[in-house]
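Colleague: Just so you know, we're using our numbering here: the sequence shown kicks off at 119 and counts up by one.
If you scroll down you'll find the structure; I have some questions about it.
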Amino acid sequence: MVVRANMYGYQLGEFPVPYLGVPLVAGKLTVNACRPLIDRITSRVQGWKAKSLSYAGRVELVGSILYSMSQYWMNVFMLPKTVIREVERICNNFLWSVGPGLNLKAKMAWKYMSIPKKEGGLGLRDLTSWNYACVFRQIWAVMMQHGSLWVAWIQAYKLKGRDFWAVTVSGSWNWGEVAENQNKDP
119 MVVRANMYGY
129 QLGEFPVPYL
139 GVPLVAGKLT
149 VNACRPLIDR
159 ITSRVQGWKA
169 KSLSYAGRVE
179 LVGSILYSMS
189 QYWMNVFMLP
199 KTVIREVERI
209 CNNFLWSVGP
219 GLNLKAKMAW
229 KYMSIPKKEG
239 GLGLRDLTSW
249 NYACVFRQIW
259 AVMMQHGSLW
269 VAWIQAYKLK
279 GRDFWAVTVS
289 GSWNWGEVAE
299 NQNKDP
């Protein structure tokens, strides 16, 4: 392999290889492979902590910027629960911070922050539920046979003309994560 790589002028790489902002992994997505997401969110928060932001401003930044960063990954992968908890921890610390390195005790449990604003919550998304919604969107794309390369590959190599609901959960890790959600309620 090394000889061929040298012959064609390529470097041998190791997984995970970053591609379009997410890691290409050969197996199950690990917490370590998600480190770039955690680092990116942390660095974004560090830049904001120096600024004097109102609580409403911090809520808006969490809901629009930080959640969008993790949602991009959720559209591709079922993130490990540890990664979701870490993103929520970073967001929680940022929400209740009053200055660089100074955090107040949270005034409401994180699970209540995902309640809609009109019902008394902050209207932030529950990231675990949102990750499932993104996976269900992948299932919908497979069912509707949308024209993406991934859907065509799933149809040809995983389903092989069979009904999605009759397929057993096996094969690649990401396909297993999608197929495992066949019987879950959205």
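Backbone N, C-alpha and C define an ideal beta-carbon position, used for all residues, glycine too.
Taking buried to mean at least 16 other C-beta atoms within 10 Å of its own C-beta, is residue 185 buried or exposed?
Modeller: buried
Colleague: Could you spell out the range, first to last residue, of the beta strand (DSSP E) harbouring residue 180?
Modeller: Boundaries for residue 180: no beta strand (DSSP E) harbours it, and the DSSP string shows neither H nor E there.
Colleague: If we call anything under 8 Å between Cβ atoms a contact, is residue 197 one with residue 152?
Modeller: yes
Colleague: Would you please state the rounded distance, in angstroms, between the beta carbons of residue 245 and residue 188? I believe it to be under 8 Å.
Modeller: 6 Å
Colleague: In angstroms with no decimal places, state the Cα-to-Cα distance between residue 128 and residue 276.
Modeller: 31 Å
Colleague: Under the rule that 16 or more other beta-carbon atoms within 10 Å means buried, what is residue 231, buried or exposed?
Modeller: buried
Colleague: Taking C-alpha atoms, which residue in 259, 207, 286 and 194 lies nearest to residue 138?
Modeller: 194
Colleague: Under the three-state reduction of DSSP, which class applies to residue 234: helix, strand or coil?
Modeller: In the structure shown, residue 234 adopts coil according to DSSP, grouped into three states.
Colleague: To the nearest whole angstrom, what separates the beta carbons of residue 262 and residue 282, a pair I think is in contact under 8 Å?
Modeller: So it is not a contact: roughly 11 Å between Cβ atoms.
Colleague: According to DSSP, simplified to helix, strand and coil, what is residue 198?
Modeller: coil
Colleague: How many angstroms separate the CA atom of residue 176 from the CA atom of residue 126?
Modeller: 50 Å
Colleague: On the premise that residue 141 lies in contact with residue 149, defined as a C-beta separation below 8 Å, what is that separation, rounded to the nearest angstrom?
Modeller: That belief does not hold up - the Cβ atoms of residue 149 and residue 141 are roughly 12 Å apart, past 8 Å.
Colleague: Let me know the secondary structure DSSP gives residue 154 once reduced to three states.
Modeller: helix
Colleague: So the candidates are 158, 270, 215 and 268; which of them puts its Cα closest to the Cα of residue 170?
Modeller: 215
Colleague: Helix or strand or just coil, what does DSSP make of residue 142?
Modeller: strand
Colleague: With respect to the alpha helix (DSSP H) encompassing residue 269, which residues constitute its N-terminal and C-terminal limits?
Modeller: Unbroken alpha helix (DSSP H) run through residue 269: 267 to 271.
Colleague: If I measure Cβ to Cβ from residue 249 and keep anything under 8 Å in the same chain, skipping five residues before and after, which residues do I get?
Modeller: The residues 192, 196, 197 and 202, in chain order, have a CB closer than 8 Å to that of residue 249 in the same chain once the five nearest residues on each side in sequence are set aside.
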